[in-house]
Amino acid sequence: MYTVCPGCTRQFQIYAEHLAAASGQVRCGFCHEQFNATERLYDEPLSNEKILNEQLAIESADEEPQFDIPESVDQNPVTPEQVVTVTNSKTDTEQELDTAISEIGIRPSVEEIKTRVKSEATAQKAVESTRESAIEEHYSFHESDELLPEESKDKSRWRWLLPLFWTTVSIVALIAIVMQLAWFNRDQILLKYPEYLTYVKQICNEFDCQLIRQQDTGAIKLVNRDVRLHPDYQDTLLVNASMKNELPVRQPYPRVQLTLFDTSGSLLGHRVFVPDDYLDSSIDIDKGMPVDSPVYFVLEVSGPTSGAVSFEFRFL
Numbered sequence: 355m356y357t358v359c360p361g362c363t364r365q366f367q368i369y370a371e372h373l374a375a376a377s378g379q380v381r382c383g384f385c386h387e388q389f390n391a392t393e394r395l396y397d398e399p400l401s402n403e404k405i406l407n408e409q410l411a412i413e414s415a416d417e418e419p420q421f422d423i424p425e426s427v428d429q430n431p432v433t434p435e436q437v438v439t440v441t442n443s444k445t446d447t448e449q450e451l452d453t454a455i456s457e458i459g460i461r462p463s464v465e466e467i468k469t470r471v472k473s474e475a476t477a478q479k480a481v482e483s484t485r486e487s488a489i490e491e492h493y494s495f496h497e498s499d500e501l502l503p504e505e506s507k508d509k510s511r512w513r514w515l516l517p518l519f520w521t522t523v524s525i526v527a528l529i530a531i532v533m534q535l536a537w538f539n540r541d542q543i544l545l546k547y548p549e550y551l552t553y554v555k556q557i558c559n560e561f562d563c564q565l566i567r568q569q570d571t572g573a574i575k576l577v578n579r580d581v582r583l584h585p586d587y588q589d590t591l592l593v594n595a596s597m598k599n600e601l602p603v604r605q606p607y608p609r610v611q612l613t614l615f616d617t618s619g620s621l622l623g624h625r626v627f628v629p630d631d632y633l634d635s636s637i638d639i640d641k642g643m644p645v646d647s648p649v650y651f652v653l654e655v656s657g658p659t660s661g662a663v664s665f666e667f668r669f670l
């Protein structure tokens with residue numbers, strides 16, 4: 355909405371909140387005249403000509419009749435010669451004409467007022483345009499979209515901080531995804547890059563995890579075996595055997611279960627050996643069983659082994 359100051363005819367934008375706060379009463383920031391803006395509200399800004407016409411219409415409505423007849427006129431009527439002298443004189447100057455009109459009580463017409471006002475407005479147009487822009491900047495109701503220096507500085511700072519922040523977040527998220535994929539596929543990675551085994555082993559020692567998780571004991575085959583009495587210890591069996599991993603990838607060394615039977619097929623006893631029990635110390639257990647390569651191991655079974663005529667190997 356827009357309103358026009360009746361004092362200086364300046365036009366301002368006004369909002370409903372301003373009208374409600376002061377019951378429609380506002381004060382012009384240019385001439386400081388207070389007026390009721392609700393009586394001068396417009397939906398669209400008016401042109402200078404419309405503002406002028408509105409103001410002149412209000413002033414002309416408040417004026418008294420243009421032809422006032424003073425009491426002195428009633429007492430001393432004007433003679434025809436006087437009328438002819440005033441109306442027919444073509445050589446009087448504009449000042450003399452104004453004086454003559456004033457003497458007989460005739461006020462200037464509305465059209466004459468418009469002509470004078472427009473002439474003055476045209477002469478001061480350049481000055482008024484500069485002054486109006488300065489006045490509107492300080493006194494109008496327009497909300498300024500320009501940022502304060504502090505706000506501009508903050509905005510410029512965020513302009514490069516936000517892209518940097520999201521770039522960092524994206525890189526961290528990408529690294530986390532790659533590390534998760536590598537961890538869940540560490541079996542294949544360690545087979546292809548065994549130099550990383552030491553680092554992964556340290557992680558697994560810290561978090562109690564397996565280096566190589568893929569295991570299929572059905573793919574482990576017993577290649578050869580030899581069971582005999584131990585030459586150095588009494589009531590002890592010495593077992594020499596070899597096994598092979600037939601999987602296309604490495605897998606953890608299995609636990610080996612040895613079961614003994616007598617002549618009637620009855621169970622005499624069994625024992626389970628972990629990799630540390632049957633593998634030589636030169637073998638790195640953490641690397642897992644090599645693919646399609648025989649692994650030699652030795653078992654020593656002590657106890658009541660007399661009467662054992664058969665045995666069975668199982669990989670657990």
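For reference, each letter of the sequence shown is one residue, going 355 to 670 in my numbering.
Where a beta carbon is used, it is the ideal one built from N, C-alpha and C, also for glycine.
{"Asked": "Can you tell me where the alpha helix (DSSP H) holding residue 560 begins and where it ends?", "Found": "551-561"}
{"Asked": "How big is the Cα-Cα spacing for residue 654 and residue 621?", "Found": "18 angstroms"}
{"Asked": "Kindly give me the distance between the Cβ atoms of residue 605 and residue 670, rounded to whole angstroms, as I take these residues to be in contact under 8 angstroms.", "Found": "Between residue 670 and residue 605 the Cβ distance is about 13 angstroms, and since that is not below 8 angstroms, they are no contact."}
{"Asked": "Using three-state DSSP, classify residue 393 as helix, strand or coil.", "Found": "helix"}
{"Asked": "Does the contact criterion of 3 or more C-beta pairs under 8 angstroms hold for the stretch 568-581 versus the stretch 597-604?", "Found": "yes"}
{"Asked": "Where do the N-terminal and C-terminal ends of the beta strand (DSSP E) with residue 595 fall, by residue?", "Found": "590-599"}
{"Asked": "Give the single residue among 389, 537 and 552 whose Cα lies nearest to the Cα of residue 638.", "Found": "552"}
{"Asked": "For residue 516, count the other beta carbons within 10 Å of its own beta carbon; 16 or more makes it buried, fewer makes it exposed. Which is it?", "Found": "exposed"}
{"Asked": "Between the Cα of residue 595 and the Cα atoms of 589, 587, 586 and 581, which residue gives the shortest distance?", "Found": "581"}
{"Asked": "Can you look up residue 607 in the DSSP assignment and give me helix, strand or coil?", "Found": "coil"}
{"Asked": "Span of the beta strand (DSSP E) holding residue 583?", "Found": "574-583"}
{"Asked": "Using the C-alpha atoms, what's the distance from residue 521 back to residue 528?", "Found": "11 angstroms"}
{"Asked": "How many Å lie between residue 646 and residue 578 at the Cα?", "Found": "15 angstroms"}
{"Asked": "Considering just the uninterrupted stretch of the beta strand (DSSP E) at residue 624, what are its terminal residues?", "Found": "621-627"}
{"Asked": "Is the stretch 385-402 close to the stretch 359-376, with three or more CB pairs under 8 angstroms?", "Found": "yes"}
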